[in-house]
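Read the structure below first, then the notes.
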Amino acid sequence: PTLDEILNLHDFEFIAKQVMPEKAWAYYSSAADDEITLRENHAAYHRIWFRPRVLRDVTRVDLSSTILGHKTSMPIYITATALGKLGHPDGELNLTRAAANYNVIQMIPTLASCSFDEIVDNAKPDQVQFLQLYVNKDREITKRIVQHAEKRGIKGLFITVDAPQLGRREKDMRMKFEADDPSEVAKAGGKGVDRSQGAARAISSFIDPGLNWSDLSWFKSITKMPLILKGVQCWEDALEAYDQGLAGVVLSNHGGRQLDFARSGIEVLVECVTKLKEKRGLTFPNDKFALLVDGGVRRATDVIKAVALGATAVGIGRPFLYAFSAYGVEGVNKALEILRDEFEMNMRLIGAPTIKDIVPEMVDASNLSSH
Ligand code: FNR
């Protein structure tokens with residue numbers, strides 16, 4: 109099918125599955141164990157309903173917003189997903205270029221297929237990029253990565269905290285990741301890694317399972333970039349992050365790829381907003397501490413629901429991978445255009461001319477278990 113026939117983000121998945129190399133499909137689409145969390149991530153949004161307001165002038169709607177003080181054309185960002193070249197020869201650069209076209213922020217993964225510098229070099233002069241960090245057992249390597257990123261103008265450091273060990277993604281494990289694979293995985297994983305259990309296992313053996321709260325002061329001592337924890341899954345840890353002076357947390361279960369039966373980020377959002385208000389008097393969104401959410405966001409209505417409940421913005425992963433695997437950068441452009449169009453229409457339909465007008469009263473979230 110041509111891009112004109114793509115009507116929504118789900119379509120990219122359907123098409124990518126048919127045209128992608130089997131190994132890439134297995135790595136991108138897989139999730140942990142029985143993939144219950146993967147399914148739940150999107151399904152949780154189905155439990156939230158709108159309470160739109162009428163008779164508000166919505167001739168013009170403004171989708172623009174900020175994340176950590178940086179402008180974005182809408183409250184979404186492209187989250188970090190490893191190994192872009194499995195799906196397309198240009199890998200992550202497809203995301204960099206589309207992000208520039210649509211003025212959204214890209215989070216660069218530690219395990220990108222393209223080199224970090226190549227991705228930064230391909231950004232426009234004022235284009236904002238974040239970095240996702242897997243923390244190496246060898247802290248000197250981590251320090252070098254972090255300080256280099258800061259020097260290259262990266263605006264936020266997202267430390268992944270939900271992956272002390274990579275989850276079992278059985279679809280991926282069945283695709284033995286051969287040592288003779290010409291891709292860049294070998295480079296990412298280094299020599300002597302076990303490639304018999306899929307791409308994820310092959311590339312992740314350097315990650316430090318000893319990482320803990322007391323390491324955060326070290327990060328503060330080596331960089332001035334705002335620090336955000338990616339993969340927080342309950343209010344207690346969000347509160348701890350706030351108390352330690354971090355800039356925010358991403359409420360995420362890694363796209364269902366880590367702990368199966370982890371709750372959806374949108375479920376966790378509700379308890380975080382409630383408890384941080386109760387215990388620290390915080391209201392959301394605010395400029396001090398950002399609650400970001402990712403996992404299962406496929407429609408602009410999902411984004412609007414998260415924003416209504418207090419999220420600063422949401423991250424989207426797989427849909428962009430599927431988009432570039434099937435259509436290269438034009439696919440990602442199209443995915444962002446679809447989101448923008450859906451967003452504009454649905455803001456009109458709920459009666460919100462600006463992002464600030466999307467308020468908690470516009471959703472009925474009483475069917476969420478954490479409500
Ligand atoms: C990821 N994700 C991820 N997260 C991270 O912190 N470091 C990483 O290297 C990766 N790699 C990665 C690869 C692939 C193929 C996927 C699908 C995901 C998790 C990602 O940042 C995000 O949390 C989820 O992808 C969000 O869910 P959706 O939008 O994919 O449903």
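For the sequence shown, the positions run 109 to 479 when the UniProt record's numbering is used. The beta-carbon is built from N, C-alpha and C at its ideal position, and this holds for glycine as well.
From T420, V437, R406, L335, pick the residue whose C-alpha is nearest to that of L171; which is it?
Per the Cα distances, T420.
Should S181 be labelled buried (16 or more other beta-carbon atoms within 10 Å of its own) or exposed?
Counting of Cβ neighbours within 10 angstroms places S181 among the buried residues, the total reaching 16 or more.
Closer than 7 Å: H196 CB and nearest the ligand FNR heavy atom:
Distance from the C-beta of H196 to the nearest heavy atom of the ligand FNR is not below 7 Å.
Under the three-state reduction of DSSP, which class applies to D402: helix, strand or coil?
Looking at D402 - three-state DSSP - the assignment turns out to be strand.
Tell me which residue opens and which closes the alpha helix (DSSP H) that V437 is part of.
From DSSP, the alpha helix (DSSP H) with V437 extends over 437-458.
What residue range does the beta strand (DSSP E) around L337 cover?
Judged by DSSP secondary structure, L337 falls within the beta strand (DSSP E) whose first and last residues are 335-340.
Can you find at least 3 beta carbon pairs, one from the stretch 117-130 and one from the stretch 253-266, that sit closer than 8 Å?
These segments do not touch.
Nearest-angstrom Cα distance between D288 and I311?
Per-residue confidence for D288 stands at a pLDDT of 49, beneath the threshold of 50, marking its modelled position as unreliable; the derived number appears in the next sentence. Each residue's Cα considered, the two are about 14 Å apart.
Ignoring anything shorter than 4 residues or poking outside the stretch 218-294, list the alpha helix (DSSP H) runs there in chain order.
Complete alpha helix (DSSP H) runs here, min 4: 224-229, 247-259, 278-282.
For E248, does the count of other Cβ atoms within 10 angstroms reach 16, so buried, or fall short, so exposed?
So E248 ends up on the exposed side.
In this structure, does DSSP put I144 in helix, strand or coil?
I144: helix per DSSP, three-state reduction.
Inter-residue spacing [alpha-carbon to alpha-carbon] between P317 and D270:
So the alpha carbons of these two residues sit roughly 10 Å apart.
Express the C-alpha separation of L399 and F392 in angstroms, rounding to a whole number.
Counting only the Cα atoms, L399 lies some 8 Å from F392.
So is the beta-carbon of P217 under 7 Å away from any non-hydrogen atom of the ligand FNR?
Distances taken from the Cβ of P217 to the heavy atoms of the ligand FNR include one shorter than 7 Å.
Pull the bridge partners of A421 from the DSSP assignment, please.
A421 pairs with L400.
Restricting to runs no shorter than 3 residues, where is the beta strand (DSSP E) found entirely within the stretch 306-387?
The qualifying runs are 335-340, 356-359.
Excluding five sequence neighbours on each side, which residues of the same chain lie with their C-beta closer than 6 Å to the C-beta of E200?
The answer, listed in chain order, is G192, A220, C222, I227.
Nearest to G164 by CA position, among P468, A460, V467, is which residue?
The question names Gly, but residue 164 in the sequence shown is Arg. With distances taken between Cα atoms, R164 lies closest to A460.
According to DSSP, residues forming a beta bridge with S173
T180.
Report whether the distance from the Cβ of R365 to the nearest heavy atom of the ligand FNR is below 7 Å.
R365: yes, Cβ under 7 Å from the ligand FNR.
Counterpart residues of T462 in DSSP-defined beta bridges
Beta-bridge partners of T462 (DSSP): D170.
Considering Cα atoms alone, identify which of Q214, D198, I336 is closest to A355.
Checking every option, the nearest Cα to that of A355 belongs to I336.
Which class does F392 belong to by DSSP, given the choice of helix, strand or coil?
The three-state secondary structure of F392, taken from DSSP, is coil.
Give a yes or no on whether the C-beta atoms belonging to N454 and A408 are separated by under 8 Å.
Cβ distance < 8 Å, so N454 and A408 count as in contact.
Start-to-end residues for the alpha helix (DSSP H) that takes in I156
Boundaries for I156: no alpha helix (DSSP H) harbours it, and the DSSP string shows neither H nor E there.
Between the alpha carbons of R321 and Y435, how many angstroms are there, rounded?
Here residue 321 turns out to be Trp, not Arg, going by the sequence shown. Near 42 Å, if we compare the C-alpha coordinates of Y435 and W321.
Touch check for the stretch 274-281 and the stretch 322-331: three-plus C-beta pairs under 8 Å?
The stretch 274-281 is not in contact with the stretch 322-331.
Taking Cβ positions, are L429 and T189 nearer each other than 8 Å?
Contact: yes.
Count the other C-beta atoms from every protein chain shown that fall within 10 angstroms of the C-beta of W157, then say buried if there are 16 or more, exposed otherwise.
It counts as exposed.
So, A443 versus F120, is the Cβ gap smaller than 8 Å?
The Cβ atoms of A443 and F120 sit closer than 8 Å to each other.
Residue span of the alpha helix (DSSP H) that contains I123, given as start and end
Here the alpha helix (DSSP H) through I123 covers 117-127.
Hey, how far is the Cα of residue 537 from the Cα of R252?
Limits of the chain in this structure are 109 at one end and 479 at the other, which puts residue 537 out of reach.
Let's see if you can read the secondary structure: which residues bound the alpha helix (DSSP H) around I412?
408-416 is the extent of the alpha helix (DSSP H) around I412.
Where does D112 fall in DSSP's three states?
Residue state, collapsed to three classes: helix.
Is any non-hydrogen atom of the ligand ADP found closer than 7 Å to the C-beta of Y210, if you look at the structure I gave you?
With respect to small molecules bound, the structure shown includes the ligand FNR and not the ligand ADP.
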